[in-house]
Amino acid sequence: MGSSVITPEDVLETLMNDGTIDAMRLKIINQLKANGELKSNAIKMMEQSKVLNTPGAEKQTKRELFDALRQELEGPVLEKASKSVWELILDQNGLGKEISETVERVFCQLSGEDPPLFPPSSNETQLEKEKKTPSSSKKRSFSDVSKEGVHIHANESADGSAISDNVTTSLSPHPRK
């Protein structure tokens with residue numbers, strides 16, 4: 001498999017076939033169930049429901065109430081749940097990190113590469129190193145550069161020879177289209 005191109009679809013198919021997607025889905029569901037803020041928000045929405053607070057609501061059947069509540073609250077409740085799911089998926093310290101590492105591991109298995117392709121970078125450990133190393137010219141990690149963008153005004157080249165003061169190199173995390 002060494003020279004073939006591994007596509008995202010290949011990785012996804014592997015994750016689906018080995019049960020990883022189902023396991024991740026279950027973890028997300030369990031974390032949503034444990035989210036007290038999400039629960040209290042849904043309860044608050046129910047308590048403030050026009051359907052339940054309308055005179056005569058107690059005379060409706062359970063099915064009629066359920067259908068009316070669903071029509072009223074389904075959108076707002078699902079929107080809040082969706083935001084919570086994205087927070088879980090993008091969390092680089094929890095489930096999001098696990099997802100990234102799992103995808104990378106599967107990609108490496110399929111391509112015959114040795115993991116990790118992208119060594120973990122920790123801004124905290126980088127800061128600790130900078131504190132311990134007293135230096136006027138601190139190096140920035142690639143993750144710092146890609147997050148912030150860097151503008152370098154060069155006065156000397158690597159070999160020490162002078163170059164123009166108006167040379168500017170700009171790295172930006174958002175390429176122009």
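So the sequence shown is numbered by full-length UniProt numbering: it starts at 1 and just counts up by one. All residues carry an ideal CB built from backbone N, CA and C; glycine is no exception. Keep in mind that this is a model prediction, so the values were computed, not measured.
Give the straight-line distance between the Cα atoms of residue i and residue j, rounded to the nearest whole angstrom.
i: M46; j: D91; result: 29 Å
i: N35; j: D10; result: 33 Å
i: Q48; j: A81; result: 18 Å
i: A68; j: A57; result: 10 Å
i: N41; j: R63; result: 23 Å
i: S100; j: P8; result: 13 Å
i: V51; j: L73; result: 10 Å
i: Q60; j: E37; result: 30 Å
i: G94; j: V5; result: 30 Å
i: D18; j: L12; result: 10 Å
i: M16; j: E104; result: 15 Å
i: G96; j: G112; result: 24 Å
i: L88; j: Q71; result: 27 Å
i: N30; j: F107; result: 27 Å
i: T54; j: L65; result: 11 Å
i: R25; j: I43; result: 24 Å
i: K39; j: P115; result: 39 Å
i: A23; j: E98; result: 12 Å
i: K27; j: E79; result: 19 Å
i: K83; j: G75; result: 12 Å
Look up residue i in the DSSP assignment and say whether it is helix, strand or coil.
i: T7; result: coil
i: D67; result: helix
i: T20; result: helix
i: T14; result: helix
i: Q48; result: coil
i: residue 210; result: Residue 210 is absent from the structure shown; the chain starts at 1 and stops at 177.
i: G96; result: helix
i: E104; result: helix
i: E58; result: helix
i: E79; result: helix
i: K139; result: Reliability fails at K139, whose pLDDT of 47 lies under 50, so the model's placement of it is uncertain and the value that follows must be treated cautiously. Coil at K139, not helix or strand.
i: E113; result: coil
Looking at residue i: is its Cβ nearer than 8 Å to the Cβ of residue j?
i: T14; j: L110; result: yes
Just confirm the distance between the C-beta atoms of residue i and residue j, as a whole number of angstroms; I'd bet it's less than 8 Å.
i: L32; j: V85; result: 7 Å
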